[in-house]
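Taking it in order: structure first as structure tokens, then the write-up.
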Amino acid sequence: MHFDPPLTRARFLRRYKRFFADVELEDGTTVVTHCPNTGSLRGCLVEGAPVLIKRAENPARKLAWTWVAIELDGVWVGVDTSRAEALVVDSLRAGVVPELSGYERVIQQVPYGRSGRSRVDIVLSRGGHANARVKKPRRGEAFVDDERVYVEVKNTTLIYDVRAGEEVSRRAAFPDAVTERGRKHLLELLDVVEKGQRAAIVFSVQRSDCEAFVPADAIDPAWSETLRTVVDQGVEAYALCGAMSPQGIALDRRLEVVLS
1480 MHFDPPLTRA
1490 RFLRRYKRFF
1500 ADVELEDGTT
1510 VVTHCPNTGS
1520 LRGCLVEGAP
1530 VLIKRAENPA
1540 RKLAWTWVAI
1550 ELDGVWVGVD
1560 TSRAEALVVD
1570 SLRAGVVPEL
1580 SGYERVIQQV
1590 PYGRSGRSRV
1600 DIVLSRGGHA
1610 NARVKKPRRG
1620 EAFVDDERVY
1630 VEVKNTTLIY
1640 DVRAGEEVSR
1650 RAAFPDAVTE
1660 RGRKHLLELL
1670 DVVEKGQRAA
1680 IVFSVQRSDC
1690 EAFVPADAID
1700 PAWSETLRTV
1710 VDQGVEAYAL
1720 CGAMSPQGIA
1730 LDRRLEVVLS
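Take 1480 as the starting number for the sequence shown in our numbering and just add one per residue.
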């Protein structure tokens, strides 16, 4: 994913009211940016750290800037959750996850779940035939008898440093705050598996300084245990990471998912 035009550099000041972050431009001007991340951003709110921001395409938007990334210890970390889904789609099309390759169709934001009110981020589809009984099909209804993988994407910014003697390994972790909604998503993926289709959760790690992925037991033990349970019962789990710069980002490397 290329940023065109390239992102603008600034300096992080503070985040507040969840969706707002103050940054200082290179000319010394302070501007309020939209924070496109509902998590706690634990470990990412470092006052004075360099940030990347993007000017809104709509000149009438209330906030002219969106916060995209922050630089921590020389590594750019993407905080914009709205990019996570597109980054994963790019990676799947590039064959980064062979287990999820070979599908003819990539359908995004497909209604599913126990109530039918949820939307899964991505459905990979192949085979089947056109659904002639539906004149104006919604997303996911255009084909029947197709083979599918339902994919939920989670943007990941949190890291843990794990020490083993003198060696330190850095692991990406999710979630960075308690998420009952995220736990519901896991159970809905399990429902898909129990109905005979494949389901996967993919962690979109927008940073390059990690060696593996782990669930954040200390932050949300219920979600973490649910992840282990659904994976034991057939839900697939993958983690992707990649280097970010003011010019772009690509999730081109897989991380081991460590659940034990």
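Glycine included, C-beta positions come from ideal geometry on N, C-alpha and C. Computed from a predicted model, the values in this text were never measured in an experiment.
The closest CA to that of valine 1585, considering only Leu1579, Val1602, Asp1569, Arg1596, is found on Val1602. For arginine 1490, the enclosing beta strand (DSSP E) begins and ends at 1487 to 1495. The three-state secondary structure of leucine 1542, taken from DSSP, is coil. Residue range 1700 to 1711 is occupied by the alpha helix (DSSP H) that includes serine 1703. When the five nearest sequence neighbours on each side are left out, the beta carbons in the same chain lying within less than 6 Å of the beta carbon of threonine 1635 are those of Ala1651, Phe1653, Phe1682, Val1684, in order along the chain. In this structure, the straight-line span from the alpha carbon of alanine 1611 to that of glutamate 1583 is close to 19 Å.
Taking each of Gly1721, Trp1555, Val1628 in turn and checking the Cα distance to valine 1575, the smallest one comes out for Gly1721. A residue is called buried when at least 16 other Cβ atoms come within 10 angstroms of its Cβ; glutamate 1631 meets this threshold and is buried. Per DSSP, glycine 1661 is one residue of the alpha helix (DSSP H) stretching across 1659 to 1673. Note that the C-beta distance between alanine 1695 and serine 1703 is below 8 Å. Contact annotation: glycine 1557 and isoleucine 1728 have beta-carbon atoms nearer than 8 Å.
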